[in-house]
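To start, the structure under review is shown below, and the notes come after it.
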Amino acid sequence: MRLGSCSGRVAAEGAGRGPQAAPAHGRRARRSAARLPADALGPRPRPERRAERLRTQAASGGGGGLEDGSELDVAVFRFTLGIPGFDDSLVPRFVGAGAGALLALNHALSAQPVSDAQGRAEFLGALLVALCLVVPEIEERLKSILPGRGRQAGAVSVEGSARVFALDGALPEAERRELAWLSFAALKNANACGVALLRGADCGRAVVARGAVGSGVAGSGGGGGGGAGASGGGGAGDGAEVLQAVAKDVARGVAASPEVAAVARGAAPSLWLPDRAAMARAGADGWACVPRGAQSLLLQAVPGGGLLILMAERPRGLPDKDRRWAAALAAKL
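According to the UniProt record's numbering, the sequence shown is numbered sequentially starting from 1.
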């Protein structure tokens, strides 16, 4: 009873004296409320109920406690040299090359024969130089095998490419829907910037092209799509024309390269071209459907004859798991 009367008196005095007296009485009320038993303030939410509420918010896309539905922006800072066109992951390689040059210069200017201490120091320095030279390669390999690190952020634009999404309008609706899913899955779950599917041992028919393809086959028409089966494709021409150009281009490549022809016929399961040098040996670097910025290429055999082509904007951009994913997609056809 005493506590209740005290709280009532605090409320009355606070209302009578105005807002200036409210803070002192508010502190007195809080001290009084702190002496209440734990169950007098009402039942506390159980941990199980709270966990269930959090799961419900996550499932419904809630903001994790943001009642107004606003999104939480998270900024990730990465310190770089800021040199346009320079890949910061190659810094250790340049450091190693510079250190190796200084090490060789020091050895040449030293008195001969060198002392044992200097020989040991030069040996350790050479080991460090070699380590610096291979660090970028080790980083790329680790990115491809560590869980959750395989999928890299795609480039905003690929040199010499245009964005297209073209489907063969002569196909049944169900098959077009299947090909749309296949092309989306290839771009979403692999480090590919562009994908194309061609049928026939001579690859004379292209049924889908999506993502970044060479601007030479994409045409110069603006705004994508009105042809048979075309959709999307900012900067691409008519969808049927794009598919015809891709088919004609790849068919020439199949006729010119025995390696590519073996994959198209099904005699070889796939052909992996990890860099521009390998693409040049196979003759694929000159394909008009392959952007100039594409640095690696996968040609996957399709049951019944044909090719599933995945292009990546990075050297060795498609690790083993991406190539297995492409094989699974091709087998689904």
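Every residue gets a Cβ at the ideal spot worked out from N, C-alpha and C, and that includes glycine. Here the structure is a predicted model, which is why all the values come from computation and not from measurement.
If you measure between the beta carbons of residue i and residue j, is that distance less than 8 Å?
i: S215; j: A162; result: yes
i: L298; j: A264; result: no
i: S270; j: A212; result: no
i: D275; j: Q295; result: yes
i: L167; j: G100; result: no
i: V164; j: R210; result: yes
i: L310; j: V195; result: yes
i: L333; j: V290; result: no
Near residue i, which residues of its chain fall below 6 Å by C-beta distance, leaving aside the five closest residues on each side in sequence?
i: G98; result: none
i: C132; result: P92, V95, G96
i: A288; result: G214, G216, V217, D249
Look up residue i in the DSSP assignment and say whether it is helix, strand or coil.
i: I83; result: coil
i: W272; result: strand
i: V254; result: helix
i: residue 341; result: This structure gives no information on residue 341, because the portion of the chain shown stretches from 1 to 333.
i: A196; result: strand
i: R323; result: helix
i: L90; result: helix
i: G211; result: strand
i: S157; result: coil
i: R30; result: Here the model assigns R30 a pLDDT of 47, short of 50, so the residue's position is not dependable, and the following value carries that caveat. Reduced to three states, the DSSP call for R30 is helix.
i: V164; result: strand
i: L179; result: helix
i: L187; result: helix
i: A278; result: helix
i: A264; result: helix
i: A201; result: coil
i: A170; result: coil
Below 7 Å CB to CB, which residues in the same chain sit around residue i once its five sequence neighbours on both sides are set aside?
i: L329; result: L182, A185, A186, L308
i: C203; result: A247, V250, A251, V254, A264, G306, L307
i: L273; result: M279, A282, A284, S296, L297
i: G160; result: G214, S215, P291, R292, G293
i: A201; result: A264, R265, G305
i: A117; result: none
i: A126; result: L103
i: A267; result: none
i: A111; result: none
Measuring alpha carbon to alpha carbon, tell me which of the options ends up nearest residue i.
i: D322; options: V208, K332, N191; result: N191
i: L128; options: L102, L109, E140, L333; result: L102
i: R292; options: V302, M279, G304; result: M279
i: P218; options: A201, G194, A245; result: The question names Pro, yet the displayed sequence has Ala at residue 218. Of the listed residues, the one whose Cα sits closest to A218 is A245.
i: A277; options: R120, A201, E137, P315; result: P315
i: residue 392; options: A117, P136, E122; result: Past the boundaries of the shown model lies residue 392; the chain is included only from 1 to 333, so the question cannot be answered.
i: G317; options: L90, D116, R141; result: R141
i: S89; options: A111, I138, L124; result: I138
i: C193; options: A126, P136, W325, A312; result: A312
i: D320; options: A174, N189, Q112; result: N189
i: A87; options: P136, A331, S110; result: In the sequence on display, residue 87 carries Asp and not Ala. The residue with the shortest Cα to Cα distance from D87 is P136.
Within the same chain, show all residues whose beta-carbon is closer than 8 Å to that of residue i, passing over the 5 residues directly before and after it, in chain order.
i: V76; result: For V76, the pLDDT reaches just 41, beneath the cut-off of 50, and the residue's location in the model is therefore unreliable, leaving the point undetermined.
i: V207; result: L167, D168, L171, L179, L197, L198, R199, L243
i: G283; result: G253, A256, S257, V260
i: A130; result: G96
i: L105; result: none
i: V114; result: H107, E122
i: A331; result: P303
At a cut-off of 7 Å, would you count residue i as near the ligand COA, judging by its Cβ distance to the nearest heavy atom?
i: L299; result: Among the ligands in the structure shown, none appear at all, so the ligand COA cannot be discussed.
List, from N- to C-terminal side, the alpha helix (DSSP H) runs of 4 residues or more that fit wholly inside the stretch 102 to 151.
116 to 145
Taking only runs of the beta strand (DSSP E) that begin and end inside the stretch 282 to 331, which ones reach a length of at least 3 residues, in chain order?
296 to 301, 306 to 312
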